[in-house]
Amino acid sequence: MRDLGKPIAPSRRDFLAGAGGLTLATFVPLRAKGQSGEAAIIRGGAEAGGFAPNAFIRILPDNAITVLVKHIEFGQGPFTGLATLVAEELDAAWDQMRAEAAPADVTLYANAAFGLQGTGGSTAIANSYTQMRKAGAAARAMLIGAAAKTWGVPAGQVTIEDGVIKHAASGKEGGFGEFADSAANETPPEDPPLKAKKDFKFIGKSVPKLDTSGKTTGEAVFTLDVYRDDMLTAVVAHPPKFGAVPASFDVDAARAVSGVVDVKETPQGVAVYGENTYAALKGRDALNVKWNDAGAERRSTAELTALFRETAQGHGVVADERGDVAAALSGDEAVLEAEFVFPYLAHAPMEPLDAVVEQRDDTVEVWMGSQLQTVDQQTFAGVLGVDPSNVIVNTMLAGGSFGRRAQPASNFAAEAAAVFDASGRSRPVKLVWTREDDIRGGFYRPLTVHKIRGAMGADGALKGWEHTVVSQSLVAGSPFEMLIQDGIDPTMIEGARDLYYKTDNFKISVHTMDVGVPVLWWRSVGHTHTAYAVETFMDELLQRAGLDAVEGRLNLLEGRPREAGVLKRVAELADWGRAPREGAAFGVAVHKSFDTYVAQIAEVSMDGGAPRVHKVWAAVDCGQPVNVNVIEAQIEGGIGYGAGAMLFDEITLAPGGAVEQSNFHDYRSLRINEMPEVEVAVIDSDESPTGIGEPGVPPIAPAIGNAMRRVGGSTPRRLPVTGLSV
Amino acid sequence: MSVKFRVNGDDVTTDVDPQTPLLWVLRDNLKLTGTKFGCGVAQCGACTVHVDGGTRRSCVTPVASVAGREVTTIEGVSGDAADSVKAAWRDIDVPQCGYCQSGQIMSAIALLEATPQPSDADIDAAMTGNICRCATYVRIRQAIKNAASGRG
Chain A
77 MRDLGKPIAP SRRDFLAGAG GLTLATFVPL RAKGQSGEAA IIRGGAEAGG
127 FAPNAFIRIL PDNAITVLVK HIEFGQGPFT GLATLVAEEL DAAWDQMRAE
177 AAPADVTLYA NAAFGLQGTG GSTAIANSYT QMRKAGAAAR AMLIGAAAKT
227 WGVPAGQVTI EDGVIKHAAS GKEGGFGEFA DSAANETPPE DPPLKAKKDF
277 KFIGKSVPKL DTSGKTTGEA VFTLDVYRDD MLTAVVAHPP KFGAVPASFD
327 VDAARAVSGV VDVKETPQGV AVYGENTYAA LKGRDALNVK WNDAGAERRS
377 TAELTALFRE TAQGHGVVAD ERGDVAAALS GDEAVLEAEF VFPYLAHAPM
427 EPLDAVVEQR DDTVEVWMGS QLQTVDQQTF AGVLGVDPSN VIVNTMLAGG
477 SFGRRAQPAS NFAAEAAAVF DASGRSRPVK LVWTREDDIR GGFYRPLTVH
527 KIRGAMGADG ALKGWEHTVV SQSLVAGSPF EMLIQDGIDP TMIEGARDLY
577 YKTDNFKISV HTMDVGVPVL WWRSVGHTHT AYAVETFMDE LLQRAGLDAV
627 EGRLNLLEGR PREAGVLKRV AELADWGRAP REGAAFGVAV HKSFDTYVAQ
677 IAEVSMDGGA PRVHKVWAAV DCGQPVNVNV IEAQIEGGIG YGAGAMLFDE
727 ITLAPGGAVE QSNFHDYRSL RINEMPEVEV AVIDSDESPT GIGEPGVPPI
777 APAIGNAMRR VGGSTPRRLP VTGLSV
Chain B
14 MSVKFRVNGD DVTTDVDPQT PLLWVLRDNL KLTGTKFGCG VAQCGACTVH
64 VDGGTRRSCV TPVASVAGRE VTTIEGVSGD AADSVKAAWR DIDVPQCGYC
114 QSGQIMSAIA LLEATPQPSD ADIDAAMTGN ICRCATYVRI RQAIKNAASG
164 RG
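Here the protein sequences line up with chains A and B, keeping their order.
All residue numbers for the first sequence refer to my numbering, where the first residue is 77 and numbers rise by one.
All residue numbers for the second sequence refer to my numbering, where the first residue is 14 and numbers rise by one.
If you want it as C-alpha cells, here you go:
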C-alpha cells in the first residue's frame, strides 16, 4: 500500500502546517488533556508526576520513557524504530526506553503518508522520522528548561547525556524523572533543532529491540491472548466459494454440542458462540451448512488463467508510452517474448485473524491487530451504531500480517462487529479464525499474467520493451478507490511502469479483470510480480546477448545511481565473477520498491528438478539507516517469505469455484532446512529513510529464477516452481 | 469427566470434554497464553509444549492423553538449556512478530537437552516442524548454535 495522496517523507513545511493534526499532536502538551478526562491520550500514564510533553512521549518519575507508537508492531520493528528516534533527540539511555501502541485517534496519530492512522507501504519510519525526532527534541528542551529553573542556571549551560541532565559548572545532575513534574510547566518549543548526523548515538546503529524479551518468555500479549471476564468465543462458518450465502444450516445440532451458547447468521456466514474455543469449533463442525452459490464466483483457476492469458493478447489501457516500440521490435530477430503467470497467494500470517469486542453503555472496546485503525474504528462505529469517538481500539501485537490486516474496506472488523452485534452484545466476544478460514478467506495477491516483448542489441542496448499486465485492482470498490487514476490502479504495475533500464521505446498497458475473488496487497504489492517479470526477462536478454548479468545491467542504469549502487555493492559482497560451488550458479536481481533499493544474488543448484538455494547476498539502500539490525532482519525475512511463495505456494479454485487449499500441509511455508544463508550489506546514506518491511521480498524470486536458468535449466514462467512436490 | 495432570509443576484438574486439545485447555482454562494456535493440525509447531520432557503438538493432543503426565509450557520451562536458549534468542533479537517463537524455543530447548552440541542436520531435524512466517530461520539456527557453544 502506498502513494495515498501525500509524499511519504513529510517536508518541514508539511510538518509545521500540520498534516492531519501532526503539529498539534507534537507540540500541545497533553497532560492537561489527560487530566480533563481524555485519559486515553496518556493511557496508563496518568500516574502521579508523569510528564507527557506531547502525544508520543511520557516520562515517569522512575525515569522510564514510554513512546506511544502509532504503527502496529507485527515484526517489522516500529516499536524499536520510533523509540530510537525519540531516544536520539532526548539523549536518553537506551535502557530507559519502552514502547507501546498508541490509541486509535486520527487527529493525533495519522500516518503522514495516508492522512489516516494506519501502517503499510513500508512507511512507518519514513513518515515518522522527522515527527518523532521533533517530539523527542521538544521533550528534551522542556526537561532542560525545568532543570535550569530548578538549579537557577542558564538553560544554555544545561546538557543531557545518556539520560542524565547535567550542569557542568556547578556539578549538578539529575534524571529525567526528577524533572518530570516541573517540565510539564514548560512551554514546548515550536520548532526545536535536531541533531546533526555526526552526533547520532542511536540512529544508524543497532540498539536491542524493545519487544524481544516478551517474545522469548511467552509474556507478549497478542489478540488471541486477550481473555475478558465472561467472554464468549466465536467462530464463523464461511462460504466455500466467494459470494455464496447460507441456504440452510442445522442450528439444533450445533446447539446440542456441550458449551455452544448460540448460533446466528451474519452477513459473513454462520457464527457459532461457545463458552470456549473447542466448543465453538465443534459446534461449527455440526452446522452442516448448505450454501447457495448462485451469486458466487464459480470459475476455476484454469478457466481464469485461460481468460487472463487470452486477454493479454489484446490491447489494454496504455499506462505509459514513449518512442515507437512496435517499430523498434518489428522484424528484429533478437526479439524475445515471454508470458508469466503468477498465482493467487494467501498471506498466511502465523496468527490468524482475530478480535475481541465488548460494550459498556455506549462505549465499544476492541482488541485487535488493527493495521488501519481509522477505518477499523469507523467500521465498528458504523456496524454497532455508536460514535467513532466511543470506539476504543487497542492495537495489539499481531502475529504477522504481510498486508493481510490492512483491508481498505475493513472486512474483518465488519465481521467482528457483526458477530458481536448478533450475539446480543451482552458478553464480550472473541472472534477467532482458524487456519482454514485464513487460507480460504480470500484477499489474496491476485492472479496476474504478464506479457513482455523486448530486444537487446549485441552492444547491450535495450531496443524496446513492450509490457502488458493482466490482473485485478486492489482498491476498486473500496474507500481507497481514489488511487485509481485514468482507469489504472497503479499498484498493478508499480515496478514495471517505472522501468529503470534505459530504453527509448517503451510501452506498458493494463487489463483490469473483474473477478469475484477478493484481493489485497501482499508484502510488496505489485512488486511481487513485476520484479519477477522485469528482472528475469532482462537477465535472459543479457544472457542471450552474451553479456554479464551485473555489467550489462549497470550499462543500462544510466542516471540511476542508487540502483547501480546496490548492484555494485552486492557484487562485491558475493565476489561476483568467482566460480560458484559445484553444480550451482549465481542469479542476480535488483529492484526498487517503496523508495528503497535492494539487490540480491542467489547461489542455487538443482536437486531433483527443484532449486536448492544455498546462500543469498543482499545490498540495501534505504536512505539513512535507523536500526541496522532491524534492516538486516527484514531483508533476511523478506528473502524467506518471497522464496517460500515462489517455490511452493498457490491458491487455486477448483471447477465450481471452491478454494482447494486449506492449511499449511497444502499451502507450504518455507521451513528452516530450506532457508538459505543470508549476508546483508546496509549502505550508509544521507538520504531520508525509506521503507524496509517489504523491499527485501521483490528481488529474491527473480534472483533464484535467474540462477535456475544459468545452472542449466530454465526460468520458471509460471509460479510456483514446484508446487507441493518438494 | 475430569482429567488430572501436572502443568509447570502444579497439579491441575480439568473438567472438560476429554477430547479437548491440550492447547485449548492450556489457553482457555488455565490462561497459559504463551502457547499459540497456528494451524490446529500439527503442521506449524506454534503450539509446541513438552510432555514428560519431549516435544508435543498440543493442538492435536487430547487432554485425556496427558492424564497423570507432566506438561511444561513456555511459562514454566526451566533449567540450563532453557536459560541458554532464551538468552541466545534475546542476544541476537531472533523474534520478529514473535507469535511462533514460544514453539520454536520449546523445540530448541528439547533439542539441546537431548543433543547438547547439535549439527546443522540435527537442527534441521528438530526444527523443521516449526514454521516461522517471518522467516527468522537464520537467527534461530544461529541462536541454537550460540546457546550450545555457551553451554559448551
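Positions of the beta carbon are idealized from the N, C-alpha and C atoms, including for glycine.
- E753 (chain A) is bridged by DSSP to A:K691.
- Setting aside the 5 residues that flank it on each side, Q453 (chain A) is surrounded in the same chain by A180, P464, V467 and V469, each with a C-beta closer than 7 Å to its C-beta; the list follows chain order.
- One finds nothing in chain A with a Cβ atom closer than 7 Å to the Cβ of V64 (chain B); even the nearest lies about 17 Å away.
- CA-CA distance, A403 (chain A) to G659 (chain A), rounds to 42 Å.
- The C-beta of E770 (chain A) has 16 or more other C-beta atoms within 10 Å across all chains shown, which makes the residue buried.
- Contact between the segment 748-768 of chain A and the segment 568-584 of chain A is not established, with fewer than three Cβ pairs separated by less than 8 Å.
- If one requires a minimum length of 4 residues, the alpha helix (DSSP H) runs lying completely within the segment 237-310 of chain A are 256-259 and 290-293, in chain order.
- Closer than 7 Å at the C-beta level to chain A, one finds these residues of the segment 109-123 of chain B: Q109, C110, G111, Y112, C113, Q114, S115 and I118.
- At a beta-carbon threshold of 7 Å, none of the residues of chain B lie near D513 (chain A); the nearest stands roughly 11 Å away.
- C-alpha of Q155 (chain B) to C-alpha of N749 (chain A): approximately 13 Å in a straight line.
- Taking the CA atoms as reference points, I201 (chain A) sits about 42 Å from R375 (chain A).
- Looking at the DSSP output, Q676 (chain A) shares a beta bridge with A:A665 and A:A694.
- Leaving aside the five residues that flank A168 (chain A) on each side, the residues in its chain whose CB is nearer than 7 Å to its CB run, in chain order, I141 and G239.
- Put simply, the CB of A492 (chain A) is far from chain B, with every gap to its CB atoms at 8 Å or more.
- About 5 Å separates the Cβ atoms of I707 (chain A) and V758 (chain A), confirming a contact at the 8 Å cut-off.
- Straight-line measurement puts the Cα of A719 (chain A) at about 20 Å from the Cα of H526 (chain A).
- Selection B:A55, B:T26, B:R69 and B:T27 evaluated against T85 (chain B) yields B:R69 as nearest (Cα-Cα).
- Counting only residues of its own chain and dropping the five nearest sequence neighbours on each side, V495 (chain A) has a CB closer than 7 Å to the CB of A310, V312, T342, A347, V505 and L507.
- Taking C-beta atoms as the reference points, E611 (chain A) and H690 (chain A) fail to come closer than 8 Å.
- When only Cα atoms are considered, G51 (chain B) and M472 (chain A) end up about 17 Å apart.
- Around the beta carbon of G653 (chain A), a 10 Å sphere encloses fewer than 16 other beta carbons of the protein chains shown; the residue is thus reported as exposed.
- For the segment 347-360 of chain A, the set of residues with a beta-carbon nearer than 7 Å to any beta-carbon of chain B comprises N352, T353 and Y354, in chain order.
- For G92 (chain B), not one C-beta of chain A is nearer than 8 Å to its own C-beta.
- With distances taken between CA atoms, G458 (chain A) lies nearest to A:E491 out of A:G445, A:E491 and A:D430.
- Apart from the 5 residues on each side of it in sequence, Y673 (chain A) sits with its Cβ closer than 6 Å to the Cβ of R638, E639, V642 and D697 in its chain, given in chain order.
- The C-alpha of I135 (chain A) lies about 38 Å from the C-alpha of V773 (chain A).
- Under the three-state reduction of DSSP output, Y717 (chain A) falls in the helix class.
- Uninterrupted alpha helix (DSSP H) stretches at least 4 residues long and entirely within the segment 565-647 of chain A occur at 603-620 and 625-631, given in chain order.
- Only those residues of the segment 276-291 of chain A whose C-beta falls short of 9 Å from the nearest C-beta of chain B are listed: S282, P284, K285, D287, T288, S289, G290 and K291.
- For A362 (chain A), no CB of chain B lies under 8 Å from its own CB, so it is not counted at the interface with that chain.
- V595 (chain A) is positioned such that its CB atom lies closer than 8 Å to that of Y520 (chain A).
- The C-alpha of V692 (chain A) is placed about 10 Å away from the C-alpha of V646 (chain A).
- Not a single C-beta of chain A is nearer than 8 Å to the C-beta of Q130 (chain B).
- Assigned with DSSP and collapsed to three states, M722 (chain A) falls in helix.
- Here the C-alpha atom of L270 (chain A) lies approximately 7 Å from the C-alpha atom of A213 (chain A).
- Listed along chain B are R40, K44, T46, G47 and K49, each with a C-beta nearer than 9 Å to that of D301 (chain A).
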